[in-house]
Each structure stands twice: as structure tokens, then as C-alpha cells.
């Protein structure tokens, strides 16, 4: 079946020629820059190649698509639209939404991930949100092993997210397919970008645009030399109106003023439904509002409606209006807003653009477009030159007139800093410096507010990620204090706290060692006394007593007229979303060989995305075929070699002997004894243990009494360096490349329990006969021989040296690639091997 026919079978419509070109180009291995107007089918163009590759079972295209947008609201709308396509075409895809407000997939698992650029880039940079520091090296491999769509990338922060995304696309060239999509970007920058990332620039021809029903409408622009008011909206209202303000505070004020005018009997507002949409709703509640709006303002609607909204409606939502009122904003954002006016074929509409309110200094209040005052002024002036009605060529000229100079300046700034300042910041992020997130992704601080009932369990990231959040740009600490005083309550740390921030607490025995403590990273929530303490905090819990929220109006720092402080409607609590931490669950006895075999199987299942791209890595770096896969197998086969030490095996023998005595005749361990399937097992002579029988409900105290097990992660890496280094050099035939591959493998092994592990080793030696077991299992899993002499030396003399894995970043592209992909494959395999075995035993 040719591409055109295949796309038609997927979407039920004949594809436009440009959509076919996008699919063919991406499937041929090239990146694409797509510039097409709103409503021209960019989403279908993006999904097409991914769905075709799955349909044809192509092994040269990733198993996952990550669709990243600049705004949470666009991500939510895309999630719903793709869900409809999935259901209609019976595709059977696992589609997940992952935003700061609703982190459904912290580890980037699923067939299609709809997310924001903040979540995408923070994962790529090894500083993800909603995960502990020790789990931060899992998500990056998920980015590398995906097909990445950057939607509306012209709205990315030009000095941060835009530049970081470009560096990501450059670094992952040849492995990760990229599609950059925009409706409004200057032509010059689009062409520069295409050249920089080795992409083909595709745009619909005029002939294609002429036949698109979405482009067959009439739209006029007019300027209003006054701020946007409820009175102006009411006076112009016919049947369907949308009013957009630049800040949520002004949106809420405008909505309240329209409600007042309606109560007072304004003739144009009688029988009119007033609707509100902005970013300060819990995702569940906002989703309900958006579904309602698609009915009220959709293609077939005959309702009388006025929607008051923030920039949340700029992109994504399929609604239309005859009258659209908007505060002036940058031209690219303005045209996105205009896409909610006369959206459907044959419609006629008017876009009224209003001047901004003034600050105390008498200047335009340009928030949230800080630093773009000149662009907004240029947009205002250029509006006077637009023809009436406006056609696509005129919109292109508006973009070029307003944005070309700024785009050129930003591009030159990118070229000047990409190998200096920006590169240094990226290296710091790869080492775990979370302070780099605002420097590399977005200047305006994005804060996720966590608002939950008292006594809610927030002790781990897994528990935190069950709760939806609200996105704001800053925490109004002064308002919280004022609300507390208004209620006559005194501040305290237990009940009447205002805001709290999370701090990770590592179990004492695990700090700095990379050991596999049975406990997950715990969170402490520290009360905040001043606004300064909230600087650069991405997640803040606020006390529901001192804020206002209901599902109709959303979140406010202060009470509206006639309102009362407090949260009237909490969203549902979701099922646990794995964040990479091992839950504090029970274990059953597992030999070394059993564990390695189970990790390999679990990795192939749960990290299939990584295994799929192995040939691409080999091709990119000129490695012998099978090298990347060998690295994965070697890391899995060797990650627990350190457990075959005298210290570890002595500990497990003592533990299992006590377990047999303690639980003789009793059945263990599936959470309750009545559901048990087997009892404790003694460690046989000549048998090497990877995990002991353990249940947190029964064994914690004895575990403390026996003391910690010796560390093993750094030790495992040290043995691999000695016993596998020369084997790898011979296999690759290039010492420099072999060294980079070994660095990546050792980095992943040293950090397979914590991305922050130092890799230091304790003095130790292998248990009697262990070197033979290591060599046998390694050969069985990796199909490669370990150096027998080197292993025998370790057996005899032990390891007393210290191995500190070098910091890994794209400055050594091969080592970084091996480390990033291997970390994901190893850690998902290691963790999920427990879960898979538990599930099997519980269902016997």
C-alpha cells in the first residue's frame, strides 16, 4: 500500500500532498520542519508516519511518539483528540498525558506521550520534574528512544527551551526522528532551523491551501485604542463571542464584570451562556470545561455564548466565534488566537485587538510577555497595514514584519552561546543541577501547586504523583498571609502553615553508596516562612484553608465577591504512577542467575523502546553491528557482580537461615499470610543469592539489627572494567570508542540504584568460586566471555581501588548515549523484574 492510501485508511480522509511528504520524509530517516496554518491538519501529518511504522511493523522507527507542546492546555486538548482517533480507528494504543499538573507517566512509558516542552527537556537534561534525584537517569533514555514532535515550537522561550531543543535535536541526529511544527514562524528562521538540524522544510503549496475547507473563511482585524472591557464585549456580542486577556487575573475580572452586567439586565446578555477557561483549574475540571466548550462553540452549535479565556485557548481547542476580542500580544500568538475566530468553512468573523492596560509607571502592562515589549509594539503598529479581509499571505507578511528582526537576533545569540554558556549550563544539568531548569527551559518560573486535603499521604514521589496540580507562574505569599490574618488564625507548622516544599530524605545506609536500600526515597514537607524561600521551587504545597477554588471558577489567591476561602472541589486521586522508585514491598529468595535472567526479560519487555533503537546507535557512531545491544546485555549481566562478594553472601546466608527458623511451617509473602504461596528457603551450598526473602511488615526490625548489606554497584563496575574492557576493545577495534562505550556501561552500572551515586567501592573480594558463576552467567546473557585471568585476580586479591565514573554529558556523545540508554534499560529491567515476578506469584 502506498503512503497516500495508508494514510487514508488510518484517518478516513484523503491526505493532503504535504502530509504525504511529511510521512515519507520522516520514514526515510530525515527530520522535518513543517510550517502550515492553523486547521490545516498538522496533527494528522505528525501522527501519520508513527502509525504507518507501527502498522507495517517497521523496525527502523521508534516504538513511541512524544508529542511536546509549549502549553499545558494544548497538551490536554491533543490528548483528548488522539484518544478519539485511537478509539475511532481501533488502534489499541496506550496514550498518556504527562504534564506538571497531571503527571500520568513520570518514566515516559506508553505508545504516545502527550506532554509539555518543560517535561520533555527536563527529562532529556536528567533533571526531571516529579521524580527523585536518584531516579533522574531513567527518563532521558525514553526521550532518545522516541519519535519527538515539537508542536508550535515558535512559542518556546527563544533564549532557553528553543535553544535547548535545537541542541537536543543535533545531539540525537540519526537516532531520534524529530518533527518541528509551527503555524507562525518567520520564513528566515524556519530555513535556518532546517539547515541546523538537517531537516527538510515542508509547507503546503498555495494550491493545497486553496482546497482546504479550513482556509475558506473571511476574517477581519480591527484595532481598539482602549483596554478590553466587559462593556465592549457585551456591546459587540451577536451569537458567539470569545474574549481573551493576557493574564488570568484580568480574565477572572472580565468574567466577573460580564456576570454583573448580565445580572443588571444588559440587553445583549439575556439568554447568553457565560463560560470561563484559564490555566488555573485542576486538569479533570478543566477537561470538563473544554468538552462543554466544544459543544457550545463547536461547528454545529446554535447556542448564544460568550467565552472569557486566557491564552489557554490560543492553540488546540476546536472552537469558533463571530466576534473575538483580545488584548494585543506578539504577532505569532495573536494569529494563534485569531484561529478561534471564523474557524470553519464559510464563516465570517471580526478580531478586535485592544490596547493593554497601563502600569503605575504609565507603560503597557506586557505580562506575561516579559522582555517582548518591542515585539508587542511592533505588532500593534503592523496591524494598521493588514488588508481587510486578511488572507494567509498577509498573515505571513505580518509574522515576517514583526518577528524577523527578533528571530535573527535570537538565532545569532544561539550561535554565539551554544558551545559556551549554554553548553556549560547543559553539562551542569546532566550532573543533576536542578537550578539549571529555568536557565535552559523557561525564564518565567512555572510552579505546580499541590492542594490536597489534610492528612494526605505525600511521603514518596509515587504518592505525590497520584494528585493533580494547578500551574501558576508565581506563589502569592503575601495573599496567603493576608488570608490567614483575615481568618484570625496564627501561623504554625502543623495546621495553619501557608506553603510547604518537598525535600528528599535518603535512608542513612544508602547515602553516597548506591546501595539498594529496601526503602524508597522519602519526602519531608518543610513549611515556608517567606516568599524568598520559594524561589526556583517547581512544586509547592499550599494550605487549602487559605486559597479559593471551585470547579466553576478555578483557583484564586483571593476570594471573589460573595465567595469564601477554601477548596470546594478536589479532583479525584489517581492510581499509583511509577516514578522509578522501588516500592517498599516484599521480596522472595532469588539466586544470582535467576535475577539476571529476569532482569533481561523485564528489560526487553519494559524497555523495548531502547532495544529497538540499538542499530541506529551503531550506525550513528560507526560501531560494529550489535555493539549497543552488547552494551545493554553486559550491563544487565554485570550489574550485580558486586553481590557475589564474601561480605554480601555471608550476610544472605545468615539472613536466610534466620528466615527459615522464624517462619518454619508458615507461608509467605503476598501482603497477607492467607494469600501466601511459599515459605522461606535456605541458601543452598554453592548457591549465590541476589535477593533474600523479606517482607516489610515482619522483617524491618531484624533487618536493622543485622545491619546493612555491603554496597555492590561500584564494585560491579570495577569488575567489569577489569574483566570486560579488553574484550570490548577487541570487539570494537577502536580503543577510543571502546573506552567511551565502557564509560557508558560503567556509569549505568554504578548508578543503577541512584543517579547520584559516586561509584566509590569498598575493599572486598569475591566469594569462593564466584568468578566461575559470574563468567558462566555473563556468557549466557551477553554471549561474550569475561577475561578469566582478570576475574581470577579479583577472586584472589579483591578490589581495593576506587572507581569514580566520569561525569557523562554530550561532550562525549558516544559515552553519553550508551549511559543514557543503558540506564533506562537496566533500571526498568531491574525494578520491573520484581514486579513481574510478584504478579506471577500472586496470580498462581
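Residue numbers (the working numbering): 793 to 1636. Glycine included, every Cβ here is placed at the ideal spot set by N, Cα and C.
What does the alpha-carbon distance come out to for the pair residue i and residue j?
| i | j | result |
| --- | --- | --- |
| residue 949 | residue 1205 | 13 angstroms |
| residue 1583 | residue 1484 | 25 angstroms |
| residue 1038 | residue 1029 | 20 angstroms |
| residue 1171 | residue 1162 | 15 angstroms |
| residue 1461 | residue 1480 | Note that residue 1461 has pLDDT 45, beneath the 50 cutoff, so the model's placement of it is unreliable and the number below is only indicative. Straight-line Cα distance between these residues: approximately 22 angstroms. |
| residue 1533 | residue 1624 | 25 angstroms |
| residue 1397 | residue 852 | 18 angstroms |
| residue 842 | residue 857 | 7 angstroms |
| residue 1464 | residue 1273 | With a pLDDT of 42 at residue 1464, under the threshold of 50, the modelled position of that residue is not reliable, and no figure is offered here. |
| residue 905 | residue 861 | 11 angstroms |
| residue 1321 | residue 1315 | 19 angstroms |
| residue 1269 | residue 1284 | 15 angstroms |
| residue 993 | residue 1392 | 41 angstroms |
| residue 1053 | residue 1350 | 22 angstroms |
| residue 1368 | residue 1293 | 21 angstroms |
| residue 1668 | residue 957 | Past the edges of the chain, shown from 793 to 1636, lies residue 1668, and the structure says nothing about it. |
| residue 821 | residue 938 | 13 angstroms |
| residue 877 | residue 844 | 14 angstroms |
| residue 1576 | residue 1548 | 29 angstroms |
| residue 1619 | residue 1446 | 28 angstroms |
| residue 1566 | residue 1537 | 17 angstroms |
| residue 734 | residue 1154 | Because residue 734 is not part of the residues shown, which for the chain are 793 to 1636, the question remains open. |
| residue 1382 | residue 1444 | 11 angstroms |
| residue 808 | residue 1196 | 29 angstroms |
| residue 806 | residue 1267 | 49 angstroms |
Report yes if the C-beta distance between residue i and residue j is below 9 angstroms; otherwise report no.
| i | j | result |
| --- | --- | --- |
| residue 991 | residue 825 | yes |
| residue 1422 | residue 1574 | yes |
| residue 1219 | residue 1542 | no |
| residue 1020 | residue 1035 | yes |
| residue 1228 | residue 1210 | no |
| residue 923 | residue 891 | no |
| residue 840 | residue 799 | yes |
| residue 976 | residue 1127 | yes |
| residue 1012 | residue 1176 | no |
| residue 940 | residue 971 | yes |
| residue 1050 | residue 1065 | no |
| residue 1609 | residue 936 | yes |
| residue 1123 | residue 1191 | yes |
| residue 1441 | residue 1562 | yes |
| residue 1348 | residue 931 | no |
Am I right that residue i and residue j are in contact with their C-beta atoms under 8 angstroms? What's the rounded C-beta distance?
| i | j | result |
| --- | --- | --- |
| residue 1147 | residue 1120 | 6 angstroms |
| residue 1613 | residue 933 | 5 angstroms |
| residue 1405 | residue 854 | 6 angstroms |
| residue 1511 | residue 1586 | 6 angstroms |
| residue 827 | residue 995 | 5 angstroms |
| residue 1042 | residue 1346 | The Cβ separation is near 14 angstroms, so there is no contact. |
| residue 1521 | residue 1530 | 4 angstroms |
Taking DSSP's pairing of strands, which residues face residue i in a bridge?
| i | result |
| --- | --- |
| residue 951 | Bridge partners of residue 951: none, in fact. |
| residue 973 | 826 |
| residue 991 | 823 |
| residue 890 | 895 and 907 |
| residue 1146 | 1016 and 1119 |
| residue 1383 | 1481 |
| residue 1316 | 1295 |
| residue 1033 | 1098 and 1115 |
| residue 858 | 905 and 940 |
| residue 1242 | 1333 |
| residue 1476 | According to DSSP, residue 1476 bridges with nothing at all. |
| residue 1340 | 1348 and 1358 |
| residue 1067 | 1099 |
| residue 1437 | 1558 |
Segment contact, 8 angstroms Cβ cut-off, at least three pairs: the segment 1421-1429 with the segment 972-985: no
Can you confirm whether the segment 816-836 touches the segment 904-917 when touching is taken to mean that 3 or more C-beta pairs between the two stretches lie within less than 8 angstroms? Of all C-beta pairs linking the segment 904-917 to the segment 816-836, fewer than three are shorter than 8 angstroms, placing the two stretches out of contact.
Taking 8 angstroms as the cut-off, does the segment 1320-1334 touch the segment 1240-1249 (at least 3 CB pairs, one atom from each stretch)? yes
At least three beta-carbon pairs within less than 8 angstroms, the segment 1181-1201 to the segment 1148-1160: Cβ pair count under 8 angstroms is below three, so no.
Is the segment 867-886 close to the segment 1067-1085, with three or more CB pairs under 8 angstroms? yes
Indicate whether the contact test is met: 3 or more Cβ pairs, each with one atom in the segment 1441-1456 and one in the segment 1509-1528, closer than 8 angstroms. A contact is defined here as three or more CB-CB pairs under 8 angstroms, and the segment 1441-1456 fails this definition with respect to the segment 1509-1528.
Give a yes or no on contact between the segment 1058-1069 and the segment 1129-1143, applying the rule of three or more CB pairs nearer than 8 angstroms. no
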